[in-house]
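Below is one structure; the comments refer to it alone.
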Amino acid sequence: MTSVLEVRSLRKIFGGVKAIDGIDLDLFEGEILGIIGPNGAGKTALINTITGFYRATEGSIRFRGVDITALALHQIGRLGIARTFQNIRLFRRMTVLENVMVANKTFSVAPLRSVLSAWLPSGRRRAAVDEAMEFITLMGLAAKADHRADSLAYGEARRLEIARALAGRPQMLLLDEPAAGMNETETAQLVEDIRTARPRVKAIALIEHDMSLIRALSDRIVALDYGRKIADGVPESVLSHPDVRRAYLGDDEPATAGAAA
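98 is the number of the first residue of the sequence shown in our numbering; add one for each residue after it.
This is the structure in structure tokens:
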């Protein structure tokens, strides 16, 4: 299998606290990798370090063969890594269309403000609108394209965030707790949204507490606890691993669907 992401001996230390403690991790082309673990296990710290929000204390990160360990956030984004956040981050007073257009231009060399400029040549603006609508339609939001982001239902806002992430045409998509705050119906729709997004990227890494979603989507699961990797393998193997059971439940009961961390 071709490796899209290679993480080796990665450490991130905050004032003596080892948020990430020597993690090795691979993400392979074509797969969805689920990353699980209790609160404080280091899941978000791992994504933040991979994407340049944090600088690694030790270790290396390679994306498609390129060492990105010391690169800045915007440089990593332009290489083709996109992410979403636990807390939805949208331009709330902009429309759905404007949000996706702006996200697309984030990965270009043109000034960000050119997207919304009235002076943008009509041909270029039409092309930008068409490209944005491709991802808005993909996420089932075409009817809401002219609605402000702050008017969207919670599940719709999550879908807009995924559309924004895809708009830069990334090679790898990192989703940080996308089902947080969703009800059962919204979560079921999210599963379909991620399956729809899958062919658009080389690989997806998914941090999530909802085990039903993890089971439905993940080809492979990595489990973390106290900043260390404690299991790595196919879903049933990892979810039944004794160390994973103890990390979640404090005993040897299996990690069941819907278990939260």
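Glycine included, C-beta positions come from ideal geometry on N, C-alpha and C.
Model, not experiment: these values are computed from the prediction.
Apart from the five residues on each side of it in sequence, which residues of its chain come closer than 7 angstroms, Cβ to Cβ, to Asp273? Thr141, Ile144, Arg180, Thr181, Phe182, Gln183, Ile304
On the DSSP bridge assignment, give the partners of Phe182 in chain order. The partner list for Phe182 (beta bridge, DSSP) is empty, contrary to what the question assumes.
Closer than 7 angstroms by C-beta to Lys261: which residues in its own chain qualify, once you throw out the five before and the five after it? Chain order, please. Before going further, note that residue 261 is Arg rather than Lys in the sequence given. Hits under 7 angstroms: Asn196, Val197, Ala200.
In three-state DSSP terms, what is Leu187? coil
Backbone CA spacing between Arg222 and Pro339 [nearest angstrom]: 55 angstroms
Are there 16 or more other CB atoms within 10 angstroms of the CB of Gly162, so buried, or fewer, so exposed? exposed
With burial defined as no fewer than 16 other Cβ atoms inside 10 Å of the residue's Cβ, what is the status of Thr146: buried or exposed? buried
Work out the CA separation of Leu130 and Ser100 for me, nearest whole Å. 12 angstroms
Using the C-alpha atoms, what's the distance from Ile117 back to Arg108? 5 angstroms
Name the DSSP beta bridge partners of Lys115, please? Ile110
Between the segment 244 to 253 and the segment 155 to 173, can you find at least three pairs of beta-carbon atoms closer than 8 angstroms? no
Around the C-beta of Pro296, are 16 or more other C-beta atoms found within 10 angstroms, so that it is buried, or is it exposed? exposed
Return the chain-ordered list of same chain residues with a C-beta closer than 6 angstroms to the C-beta of Pro332, the five sequence neighbours on each side being excluded. Arg312, Ser315, Ile318
Which runs of the beta strand (DSSP E) at least 3 residues long sit entirely within the segment 250 to 322? Give them in chain order. 269 to 273, 300 to 304, 317 to 322
Assumed close pair Phe160, Leu102 - CB separation to whole angstroms, cut-off 8 angstroms: 6 angstroms
Once you ignore the five residues that flank Ala320 on each side, which residues in its own chain have a CB closer than 6 angstroms to its CB? Ile133, Gly134, Ile327, Ala328, Val335, Val341
Near Lys115, what residues of its chain come up, given a Cβ to Cβ distance below 6 angstroms and the 5 sequence neighbours on each side ignored? Gly324
In whole angstroms, what separates the C-alpha of Ala138 from that of Ala240? 39 angstroms
Own chain partners of Arg256 with C-beta closer than 7 angstroms, once the 5 adjacent residues on each side are dropped: Met236, Gly237, Leu238, Asp290
Residue interval of the beta strand (DSSP E) (run including Gly159): Reading off the sequence shown, one finds Arg at residue 159, where the question assumed Gly. Taken as a continuous stretch (DSSP letters only), the beta strand (DSSP E) holding Arg159 covers 155 to 160.
Using the beta-carbon count (16 or more within 10 Å), is Phe232 buried or exposed? buried
In three-state terms, what does DSSP make of Phe125? strand
Does Asp227 come out as helix, strand or coil in the three-state DSSP assignment? helix
So, under 8 angstroms CB-CB, Thr284 and Leu310 are touching, yes? Tell me the CB distance rounded to an integer number of Å. 6 angstroms
Terminal residues of the continuous alpha helix (DSSP H) containing Ala142? 140 to 147
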